[in-house]
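Asks: In my numbering, the protein residues as written are 1 to 129. The structure is given below, and queries will be raised subsequently.
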Amino acid sequence: MKTQYAQSVFSAAALLVLLSSCAPKPTIKVPVEFEAGQKHFHKACASCHGVDALGKQTRAPGLIDSEYLPVNFSDEELRKQIIEGSEKMPSQRNKVSDPEIEEIIKYLRYSQRAADLVVEEDEPDDSDE
């Protein structure tokens with residue numbers, strides 16, 4: 001009986017190691033003050049939002065996009081989305097702590113600034129003329 005238990009524990013541990021090694025790895029070097037957020041992002045978010053939050057053939061959108069700049073999607077909205085999830089995204093509460101969420105948001109905001117994103121203006125409506 002002890003042998004079966006030990007084998008089960010070993011199998012579970014091996015599976016966890018395998019799964020954690022499958023998470024996408026960052027490809028962009030960030031300043032040291034954003035490395036923790038990058039690490040937490042890749043642990044909890046990259047498998048859906050893509051390596052370096054860029055999306056590209058992933059299940060979820062890339063977050064390095066003008067649609068997710070603070071003017072369009074606030075830090076509080078990001079925090080709420082991570083904690084509560086939505087109809088398209090499950091809650092990540094069991095994967096990250098509040099301090100880790102703050103680091104993820106700092107990392108995402110840095111990455112957006114580094115990508116020189118700008119808020120896209122609405123096209124003028126010619127029907128007003």
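Built from N, CA and C at the ideal position, the CB exists for glycine as well.
1. Can you give the Cα-Cα distance for K43 and V119, rounded to whole angstroms?
2. Should D98 be labelled buried (16 or more other beta-carbon atoms within 10 Å of its own) or exposed?
3. In terms of alpha-carbon separation, which member of K95, Q112, R113, A114 lies closest to C45?
4. If distances are taken between C-alpha atoms only, which option among F73, V32, I28 comes closest to V51?
5. Keeping to the same chain, check which residues put their C-beta closer than 7 Å to that of T58; ignore five residues upstream and five downstream.
6. Distance check for M89 and S74, CA to CA, integer angstroms please.
Replies: Let's see:
1. Straight-line Cα distance between these residues: approximately 29 Å.
2. By the beta-carbon neighbour count (other beta carbons within 10 angstroms, threshold 16), D98 is exposed.
3. Considering only alpha carbons, the answer is K95.
4. Selection F73, V32, I28 evaluated against V51 yields I28 as nearest (Cα-Cα).
5. These residues qualify, in order along the chain: C48, H49, G50.
6. For S74 and M89, the distance between alpha carbons rounds to 17 Å.
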